[in-house]
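K.L.:
If you scroll down you'll find the structure; I have some questions about it.
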Amino acid sequence: MPDRTRYATLAAILALCLASCQKHSTDPTAGKELDSPYLLGAATGSRNYLHTFASDGDYWYHCVLHTTAQHREGGVVFVNSGGGDSAFVRIYLGKFAPESVTVRAGAQVRWQNFDDGTSHSVTSD
1184 MPDRTRYATL AAILALCLAS CQKHSTDPTA GKELDSPYLL GAATGSRNYL HTFASDGDYW
1244 YHCVLHTTAQ HREGGVVFVN SGGGDSAFVR IYLGKFAPES VTVRAGAQVR WQNFDDGTSH
1304 SVTSD
């Protein structure tokens, strides 16, 4: 395959992936409470995932790309009447920071990936 054709094919695949990530990054899909697309790192725009929590509870999550039997990259969102109106979780150096946040029902949490060149996810346990 000529280099020009190979480059065009790779560019088309990347464009489809970015469009899909952008589409879902502010519109969580049904199913699991937390089920983000892969959040691209800082070099590709530092993607966000936003989620509004409708009900009180403890919502444990992890990164499906970086959690193994020996290591868990994860965190928890506590939703109760004493929580705030919103929260921000930064993903950097393979960690969610802070590891736990507390918000009220109806509040939104935003995760943003700052790891350069590394994708992460926010997925319910």
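Counting from 1 along the sequence shown, just add 1183 to a position and that's the residue number in the numbering used here.
Even glycine gets a Cβ: it sits at the ideal position worked out from N, Cα and C.
On a predicted model such as this, the values are computed, not experimentally measured, just so you know.
Grab the span of the beta strand (DSSP E) containing H1234 for me, first residue to last.
P.N.:
It spans 1231 to 1235 - the beta strand (DSSP E) in which H1234 sits, taken as one unbroken run.
K.L.:
Please classify H1254: does DSSP put it in a helix, a strand, or coil?
P.N.:
Of the three classes helix, strand and coil, the one that applies to H1254 here is coil, per DSSP.
K.L.:
Around the C-beta of L1223, are 16 or more other C-beta atoms found within 10 angstroms, so that it is buried, or is it exposed?
P.N.:
Looking at its Cβ environment, which holds 16 or more other Cβ atoms inside 10 Å, L1223 is buried.
K.L.:
Based on the DSSP output, what are the partners of A1270 in its beta bridges?
P.N.:
DSSP lists V1292 as partners of A1270.
K.L.:
Taking a contact to mean a Cβ-Cβ separation below 8 Å, would you say V1259 touches W1294 in this structure?
P.N.:
Against a cut-off of 8 Å, the Cβ pair of W1294 and V1259 comes out as no contact.
K.L.:
Grouping DSSP H, G and I as helix and E and B as strand, with all else coil, what is K1223?
P.N.:
Before going further, note that residue 1223 is Leu rather than Lys in the sequence given. Three-state result, L1223: coil.
K.L.:
Can you tell me whether N1263 is buried or exposed, with buried defined as 16 or more other CB within 10 angstroms of its CB?
P.N.:
When all chains shown are included, N1263 counts as exposed.
K.L.:
Whose CA, out of P1281, Y1244, V1292, E1216, lies closest to the CA of Y1232?
P.N.:
Taking only the C-alpha atoms, the option nearest Y1232 is V1292.
K.L.:
With DSSP collapsed to three states, give me the class of V1259.
P.N.:
Note: V1259 maps to strand in three-state DSSP.
K.L.:
Apart from the five residues just before and just after V1247, which ones in its own chain have a Cβ nearer than 7 Å to its Cβ?
P.N.:
Closer than 7 Å at the Cβ level, and outside the excluded window around V1247, lie S1304, T1306.
K.L.:
Give me the DSSP bridge partner(s) of S1391.
P.N.:
Here the chain has residues from 1184 to 1308 only, and residue 1391 is not among them.
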